[in-house]
Amino acid sequence: MSGSGLIGRTVVEMGAALRSGQVTAADLLDAAIAQRERVDARVHAFLARTDDLAREQARRADERIAREGEAAPPLCGIPVALKDVLCLEGVETTASSLIIRGFRPPYTGTAVQRLLDQGAVVVGKTNCDEFAMGSSNENSAYSPVGNPWDVERVPGGSSGGSAASVAAGVVPYSLGSDTGGSIRQPASLCGVVGFKPTYGRVSRYGLIAFASSLDQIGPFTQTVEDTALVYQAIAGHDPLDSTSAPTPVEDPLTGLRCGVEGMRLGVPREYFVDGLEPGVRAAVETAVEVLRSLGASVEPVSLPSTDAGLSTYYIIAPAECSSNLARFDGVRFGLREASPSLLQMYLRTRDAGFGAEVKRRIMLGTYALSSGYYDAYYRKAQKVRTVIHDEFERVFAQVDALVCPTSPTVAFTQGAREDPIAMYLCDVLTIPVNLAGLPGISVPCGFADGLPVGLQVIGPRFQDARVLRVAHAYEQAAGLARRSPLVAEAAA
Amino acid sequence: MTLSRDEVAHVAMLARLGLSDDEVDRLGAQLDAILRAISRLNEVDTSAVAETAQVGGLVNVWREDRPRPSISREQALANAPDSDDGHFRVGAIQE
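Line by line, the protein sequences are chains G and C. Okay, so the first sequence: first residue is 128 according to my numbering, each after it adds one. Okay, so the second sequence: first residue is 8 according to my numbering, each after it adds one.
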């Protein structure tokens, strides 16, 4: 294994090659940087590049592997990319916004630190929708991102760069964040695995907050087993995040190969909506049949308020964002538009620093929380959130997990969805999971019109391992997903 | 419902966004359209339902009131657009 032969390898394969001495962390890093430079003029997945830091990390990882051998952690020496909403000490972190261009965090977030503790090698920060608000990555203040399957198309969002960096074979895994589908939807559109753990499983300390009751960090990988390894590394209680769950994390690897025989899977009929593309429907229905053939019982279930999820989300998420983004005021970090008075400075800085979608959501959230409208919008949305949560609880009394599409469509062409409401519909099948705090994964399940389709598996709270087990069973039966043309190109 | 220009400008001031007149018009129309699109909320019967603010299931998360290491003043100020003598510096608070 060397050079272009390292492109497109999994975390497990790279780890085995490192421990057996076939390659070094420095080799893996060289291959990652070479692939990044080969593709990124077309894909634009990366913002800050951290090559000097990475070389130092790779050098230390090689020493550690020489010292610890098989006992070295599974992510030691393996390249990773981090969504640009995750703080890494001293490395520019912009959330793809102009308002904190040049910001260098004075500390590292917990999930990232846990990767570093294992000996991870960080090759850069990835492009995303500004402050993680969007479904196409077109809201980045720096550049849109190309889908590695067709660079004229969107990679999804908001973690578009993180998904594309894995799909393009630059890194075997990356971290993203998911508030309403921002990991699962781009994973679906880019043909990779994307996992949003149960709310509270992964510490949000050091994640630039969008909507704090919904945000959760999770991995992108090429295989479910790799996802389990990364999840195991980042999950667990953190006293620095008061919403972090203190319950012990179930080992996601032990049960991974137990299969789905005898498991009860529900297919929520409301997830097969009018806007679902026929090719997506066909691929997902075929995937459900694969799970049935593996011995799972499959039954239709109903989540009647599914379509109210979108409306609920577009009050709650903007309300929380309008509060969280108040901190960007030109005083402590980032942009300042000079002005003689403090109030004028606030007004001008925030007008100049935020992009159109972020302003739209701040306005919507401020309105929904404002005097006279709070009951009609925010309080009402919180009540509907309860209804959606309770519907999931009832369904999980009947079935062990849900299987359904991740995204109603395959990747669409850049610029095709200029109407904000049309864009919001991208997340109609992922949002309810965040509202209820559930674990959800998107795993590749074939193609429609030559573009990847994702199967979504949803489980009850804290049944993250079960979700991974179902996804793994499907993946093993279906065969690993085909790699994007950019990976094939590197191997040629 | 239709938001008036004054209402949009009021919300923008609450959010400390110094929008141009064009932006007020454009955002006002977009907010109107979004609020209409999410009217589905009102079709859900919530008469016997309590609000959900968070789904973490935790209440009253306590920790020991014990000091721990923190970032230095220099680090805290390192990203500031303007600082002076160990403080963040801003313009006049009163016009």
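Cβ atoms here follow ideal geometry from the backbone N, Cα and C, with glycine treated the same way.
Let me know the beta strand (DSSP E) ranges lying completely inside the stretch 326-408 of chain G, each 3 residues or longer, listed in chain order.
-> Listed in chain order, they are 343-348 and 391-395.
Have a look at residue 579(G) and residue 377(G) and give me their C-alpha separation to the nearest angstrom.
-> Their backbone Cα atoms lie some 31 Å apart in a straight line.
Where residue 372(G) and residue 365(G) are concerned, what is the direct C-alpha to C-alpha distance, given to the nearest angstrom?
-> Residue 372(G) and residue 365(G) have their C-alpha atoms some 8 Å from each other.
Excluding the five sequence neighbours on either side, which residues of its own chain have a C-beta within less than 8 Å of the C-beta of residue 484(G), listed in chain order?
-> Around residue 484(G): 256, 257, 260, 261, 266 and 547.
If you drop the 5 nearest sequence neighbours on each side, which residues of the same chain put their C-beta closer than 7 Å to that of residue 473(G)?
-> Cβ within range, chain order: 456 and 457.
What residue range is occupied by the uninterrupted beta strand (DSSP E) comprising residue 249(G)?
-> Per DSSP, residue 249(G) is one residue of the beta strand (DSSP E) stretching across 248-253.
Cβ pair count under 8 Å reaching 3, the stretch 397-411 of chain G against the stretch 569-587 of chain G | Verdict: yes, contact present.
Alpha carbon to alpha carbon, how far is residue 220(G) from residue 82(C)? Give it in angstroms, no decimals.
-> Spanning the two alpha carbons is a distance of roughly 15 Å.
Does the stretch 131-143 of chain G come close enough to the stretch 292-311 of chain G that 3 or more CB-CB pairs lie under 8 Å?
-> In the pairwise beta carbon analysis, the stretch 292-311 of chain G is classified as touching the stretch 131-143 of chain G: at least three pairs are separated by under 8 Å.
Quick one: any contact between the stretch 310-323 of chain G and the stretch 526-535 of chain G, if contact means 3 or more CB pairs under 8 Å?
-> Segment contact: the stretch 310-323 of chain G against the stretch 526-535 of chain G, three or more CB-CB distances shorter than 8 Å; contact assigned.
Chain G partners of residue 87(C), CB-CB under 8 Å?
-> Identification of chain G residues near residue 87(C) by a Cβ-Cβ cut-off of 8 Å yields 458, 459 and 460, ordered along the chain.
Using a cut-off of 9 Å between C-beta atoms, extract the partners of residue 344(G) located in chain C.
-> Per Cβ cutoff of 9 Å: no residues; residue 344(G) is ~15 Å from chain C at best.
Check each candidate in 492(G), 421(G) and 434(G) and name the one with the smallest Cα separation from residue 47(C).
-> Checked all of 492(G), 421(G) and 434(G); the closest Cα to residue 47(C) is 434(G).
Give the interface partners of residue 230(G) over in chain C, defined as CB-CB distance under 7 Å, in chain order.
-> In chain order: 86.
According to DSSP, what are the bridge partners of residue 173(G)?
-> 253(G).
Run down chain C in chain order and give the residues with a C-beta less than 7 Å from the C-beta of residue 326(G).
-> Simply 62 and 63.
Name, please, each residue of chain G whose Cβ falls closer than 7 Å to the Cβ of residue 66(C).
-> Under the 7 Å cutoff, chain G gives no residues; its nearest Cβ is about 11 Å from residue 66(C).
Are the Cβ atoms of residue 500(G) and residue 446(G) separated by less than 7 Å?
-> Cβ distance not < 7 Å, so residue 500(G) and residue 446(G) don't count as in contact.
Go through its chain and collect everything with a Cβ distance to residue 188(G)'s Cβ below 7 Å, but skip five positions before and after it.
-> Once the five neighbours on either side are set aside, the close Cβ partners of residue 188(G) are 152, 203, 204, 246 and 248.
Can you list, in chain order, the stretches of the alpha helix (DSSP H) that have 4 or more residues and sit fully within the stretch 536-608 of chain G?
-> Taking only runs of at least 4 residues, the alpha helix (DSSP H) segments lying wholly in the stretch 536-608 of chain G are 547-551, 558-563 and 591-605.
Run through the stretch 399-486 of chain G for me and flag every whole alpha helix (DSSP H) of 4 or more residues, listed as ranges in chain order.
-> Taken in chain order, the complete alpha helix (DSSP H) segments of 4 or more residues contained in the stretch 399-486 of chain G are 405-420, 433-451 and 469-480.
What number of angstroms, rounded off, separates the C-alpha of residue 186(G) from the C-alpha of residue 357(G)?
-> Computed Cα separation, rounded: 21 Å.
Mind the definition here: the stretch 317-332 of chain G touches the stretch 166-173 of chain G only if three or more C-beta pairs lie below 8 Å; say whether that holds.
-> Taking one beta carbon from each stretch, the stretch 317-332 of chain G and the stretch 166-173 of chain G have fewer than 3 pairs nearer than 8 Å; the two do not touch.
Can you find a C-beta in chain G that's less than 7 Å from the C-beta of residue 51(C)?
-> So yes, residue 51(C) belongs to the interface.
Residues that DSSP places opposite residue 146(G) in a beta bridge | DSSP links residue 146(G) through a beta bridge to no other residue.
Is residue 375(G) buried or exposed, if buried means 16 or more other CB atoms sit within 10 Å of its CB?
-> Around the beta carbon of residue 375(G), fewer than 16 other beta carbons sit within 10 angstroms, so the residue counts as exposed.
Straight-line Cα distance separating residue 290(G) from residue 367(G) = Their Cα atoms are separated by approximately 28 Å.
Three-pair Cβ contact test at 8 Å for the stretch 550-558 of chain G versus the stretch 590-608 of chain G | In short, these stretches do not touch, since the Cβ pair count stays below three.
Leaving out the 5 sequence neighbours to the left and right, which residues in its chain are closer than 8 Å to residue 463(G) when beta-carbon positions are compared?
-> The residues are 457, 472 and 476.
From 568(G), 571(G), 239(G) and 276(G), residue whose alpha carbon lies closest to that of residue 540(G) | From the listed residues 568(G), 571(G), 239(G) and 276(G), the smallest Cα separation to residue 540(G) is found for 276(G).
Of all Cβ atoms in chain D, is any one closer than 7 Å to the Cβ of residue 16(C)?
-> Checking the listed chains, one finds no chain D in this structure; the protein chains it contains are G and C.
7 Å Cβ shell around residue 536(G) - same chain, five flanking residues per side excluded | If we look at residue 536(G) and ignore the five residues flanking it on each side, its Cβ neighbours are 404 and 407.
Using the rule of at least 16 other Cβ atoms within 10 Å of the residue's Cβ for burial, across every protein chain shown, is residue 89(G) buried or exposed?
-> The structure shown does not extend to residue 89(G), since chain G is modelled only from 128 to 619, so the question has no answer here.
Counting only runs that start and end within the stretch 285-332 of chain G, where is the alpha helix (DSSP H) found for 4 or more residues in a row?
-> 287-294 and 311-317, all fully within the stretch 285-332 of chain G.
Distance between beta carbons of residue 323(G) and residue 567(G), contact taken as under 8 Å | That pair is a contact at about 5 Å.
With 16 as the cutoff for other CB atoms within 10 Å, does residue 74(C) come out buried or exposed?
-> With fewer than 16 other CB atoms across the displayed protein chains lying within 10 angstroms of its CB, residue 74(C) is exposed.
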